[in-house]
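Below: the structure, in structure tokens.
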Amino acid sequence: MATPLEHWVDEAAQLTRPAKIVWCDGSQAEYQGLSARMLEDGTLSPLNQRTYPVCYLHRSHPNDVARTEHLTFICTPEHDDAGPTNNWMAPQEARDNVGKLFDGSMQGRTMYVVPYIMGPVASPYRKVGVEVTDSPYVAASMRIMTRMGNVALERLGSSADFVPGLHSIADLSPDRRFILHFPEERLIWSIGSGYGGNALLGKKCLALRIASAIGRDQGWMAEHMLILGLEDPTGEVTYMAAAFPSARGKTNLSMLVSPLAHMGYKVWTVGEDIAWMHPGADGRMTIHTRWHMMAKPVSSFSTPGTVWPCNPSPYLSSHTVSHRTTS
Numbered sequence: 009m010a011t012p013l014e015h016w017v018d019e020a021a022q023l024t025r026p027a028k029i030v031w032c033d034g035s036q037a038e039y040q041g042l043s044a045r046m047l048e049d050g051t052l053s054p055l056n057q058r059t060y061p062v063c064y065l066h067r068s069h070p071n072d073v074a075r076t077e078h079l080t081f082i083c084t085p086e087h088d089d090a091g092p093t094n095n096w097m098a099p100q101e102a103r104d105n106v107g108k109l110f111d112g113s114m115q116g117r118t119m120y121v122v123p124y125i126m127g128p129v130a131s132p133y134r135k136v137g138v139e140v141t142d143s144p145y146v147a148a149s150m151r152i153m154t155r156m157g158n159v160a161l162e163r164l165g166s167s168a169d170f171v172p173g174l175h176s177i178a179d180l181s182p183d184r185r186f187i188l189h190f191p192e193e194r195l196i197w198s199i200g201s202g203y204g205g206n207a208l209l210g211k212k213c214l215a216l217r218i219a220s221a222i223g224r225d226q227g228w229m230a231e232h233m234l235i236l237g238l239e240d241p242t243g244e245v246t247y248m249a250a251a252f253p254s255a256r257g258k259t260n261l262s263m264l265v266s267p268l269a270h271m272g273y274k275v276w277t278v279g280e281d282i283a284w285m286h287p288g289a290d291g292r293m294t295i296h297t298r299w300h301m302m303a304k305p306v307s308s309f310s311t312p313g314t315v316w317p318c319n320p321s322p323y324l325s326s327h328t329v330s331h332r333t334t335s
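Its first residue numbered 9, the sequence shown is counted upward by one per residue in this note's numbering.
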């Protein structure tokens, strides 16, 4: 008997009509195969493999180089439920107008089924998402950015407790580009863009927009916040949360280098963009960052506009990410 996930993938395939379907297992061999295919067709360009081994450059289309906030919608029955700072579209209007854009959008392409986990695998607060996409770049990137593949399928089992995300690059037309969120259904649609923030659906789409609705219903918070760890010379550790809008310095502050390190003050990054905060019975917070566990937040960093005087950390860190990188 088919699982809820298999039913949903079948429905997505009937709508988009891909040439074939590949279920991603998250293995290194699979990642190497995706990379080899993209190198062969020019989707990826190799960097100098002597100085930057296993590093590649991916270029999105010239008309597809940033998140499209004006084409990003929250689809709730009531306008007020979308929030005062979001764009709203009625769910039926979204299905009628955008659903037809997915009709046959994957013809001649491979549909990749990408199961992934947000948060640590063993955490009771983890969330499983499944993205179907016709972009091998998205499939490969989700392996880098999340715990992807069989590990997610094993945790999901035959449960229906996952966030489905339907993504197609389609024809990359800005006139047919939409990123839609259906909070009541825990559903994400994205079409017409291959850019990371629009296409990697575990990112802003699940981790912030859908998760904020889940958190509201379950009694926790998904917030647009950095989390910083601080330790004084006595060993006392304090965690600080800071909420800034996009492009206002969350990443820069989260990557702070302690100016008082010589006096024993330490600082480290816990998360630089999105935090899931669960209040405990004892008043303490359990906090997860949006991708990997706290020890590996760098998986999801972006630092546009960063310069050496305000934040040398990314420049110093660049020496440690000189291999096995796709950007």
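Beta carbons are placed, not taken as given, at the ideal position from N, Cα and C, and that holds for glycine.
Remember, it's a predicted structure, so these values are computed and weren't measured experimentally.
{"Asked": "Hey, out of Tyr133, Thr118, Ile152 and Arg185, whose CA is closest to His401's CA?", "Found": "Shown here, the chain extends from 9 to 335; a query on residue 401 therefore has no answer."}
{"Asked": "Check Asn56 in the structure and name its three-state DSSP category.", "Found": "coil"}
{"Asked": "May I ask you to report which of helix, strand or coil DSSP gives His232?", "Found": "coil"}
{"Asked": "Short check: CB of Val121 to CB of Ile29, under 8 Å?", "Found": "yes"}
{"Asked": "Grab me the residues of His69's own chain with a C-beta within less than 6 Å of its C-beta, minus the 5 sequence neighbours each way, in chain order.", "Found": "Leu180"}
{"Asked": "Can you tell me which of Asp88, Asp183 and Thr118 puts its alpha carbon nearest to the alpha carbon of Pro144?", "Found": "Thr118"}
{"Asked": "Using 8 Å for Cβ pairs, my map puts His296 next to Pro128. What's the rounded Cβ distance?", "Found": "7 Å"}
{"Asked": "Pull the bridge partners of His175 from the DSSP assignment, please.", "Found": "Ser198"}
{"Asked": "Is the separation between the beta-carbon of Ala283 and that of Met248 shorter than 8 Å?", "Found": "no"}
{"Asked": "Which term fits Ala303, buried or exposed, when burial requires 16 or more other beta carbons within 10 angstroms of its beta carbon?", "Found": "Confidence in Ala303 is poor, its pLDDT being 32 and thus under 50, which makes the residue's placement unreliable; the coordinate value appears in the next sentence. Ala303 should be labelled exposed."}
{"Asked": "Restricting to Cα atoms, I'd like to know which of His87, Pro191, Leu188 and Ala178 is closest to Ser201.", "Found": "Ala178"}
{"Asked": "With contact counted as at least three CB pairs below 8 Å, one residue from each stretch, are the segment 136 to 156 and the segment 38 to 47 in contact?", "Found": "yes"}
{"Asked": "Apart from the five residues just before and just after Ile218, which ones in its own chain have a Cβ nearer than 7 Å to its Cβ?", "Found": "Val171, His189, Pro191, Arg194 and Ile196"}
{"Asked": "Whole angstroms is fine: what's the gap from His175's alpha carbon to Ala207's?", "Found": "7 Å"}
{"Asked": "Met97 lies in the alpha helix (DSSP H); which residues open and close that run?", "Found": "Run containing Met97: none; DSSP gives neither H nor E here."}
{"Asked": "Cα separation between Ile235 and Gly34?", "Found": "28 Å"}
{"Asked": "Using 8 Å as the Cβ pair cut-off and three pairs as the minimum, do the segment 269 to 281 and the segment 240 to 257 touch?", "Found": "yes"}
{"Asked": "Could you check what DSSP says for Pro191 in three-state terms: helix, strand or coil?", "Found": "coil"}
{"Asked": "What beta strand (DSSP E) runs, 3 residues minimum, are completely inside the segment 198 to 278?", "Found": "229 to 231, 233 to 239 and 245 to 251"}
{"Asked": "Is it true that the CB of Thr24 sits closer than 8 Å to the CB of Gly112?", "Found": "yes"}
{"Asked": "Could you pull the start and end residues of the alpha helix (DSSP H) that Ala147 belongs to?", "Found": "Pro144 to Met153"}
{"Asked": "Helix, strand or coil: which one does DSSP assign to Val17?", "Found": "helix"}
{"Asked": "Based on DSSP bridge pairs, tell me the residues matched to Glu139.", "Found": "Val122 and Gly173"}
{"Asked": "Buried or exposed: which applies to Glu49, given that a residue is buried once 16 or more other Cβ atoms fall within 10 Å of its Cβ?", "Found": "According to the sequence displayed, residue 49 carries Asp and not Glu. Exposed is the call here."}
{"Asked": "Is Val265 buried or exposed, if buried means 16 or more other CB atoms sit within 10 Å of its CB?", "Found": "exposed"}
{"Asked": "Among Gly173, Gly257 and Asp225, which one has its Cα closest to the Cα of Glu19?", "Found": "Gly173"}
{"Asked": "Provide the residue span of the alpha helix (DSSP H) that contains Ala283, from first to last.", "Found": "Unbroken run through Ala283 is the beta strand (DSSP E), Ala283 to Pro287; no alpha helix (DSSP H)."}
{"Asked": "Just the Cα atoms here: how many angstroms apart are Met114 and Val17?", "Found": "13 Å"}
{"Asked": "From which residue to which residue does the beta strand (DSSP E) around Tyr133 run?", "Found": "From DSSP, Tyr133 is part of no beta strand (DSSP E); its letter is neither H nor E."}
{"Asked": "Around the C-beta of Gly210, are 16 or more other C-beta atoms found within 10 angstroms, so that it is buried, or is it exposed?", "Found": "buried"}
{"Asked": "Excluding the 5 residues preceding and the 5 following Pro253 in the sequence, name in chain order all residues of the same chain whose CB lies nearer than 6 Å to its CB.", "Found": "none"}
{"Asked": "In this structure, how does DSSP classify Val30 when only helix, strand and coil are distinguished?", "Found": "strand"}
{"Asked": "Do Cys32 and Ile156 come within 8 Å of each other at the CB atom, strictly closer than that value?", "Found": "Looking at the sequence shown, residue 156 is not Ile but Met. Taking 8 Å as the Cβ cut-off, Met156 and Cys32 qualify as a contacting pair."}
{"Asked": "Starting from Thr80, follow its DSSP beta bridges and name the residues at the other end.", "Found": "Ile187"}
{"Asked": "Under 8 Å by Cβ, that's how I've got Gly237 and Met229 pegged, so tell me the actual separation to the nearest angstrom.", "Found": "About 19 Å; that fails the 8 Å criterion."}
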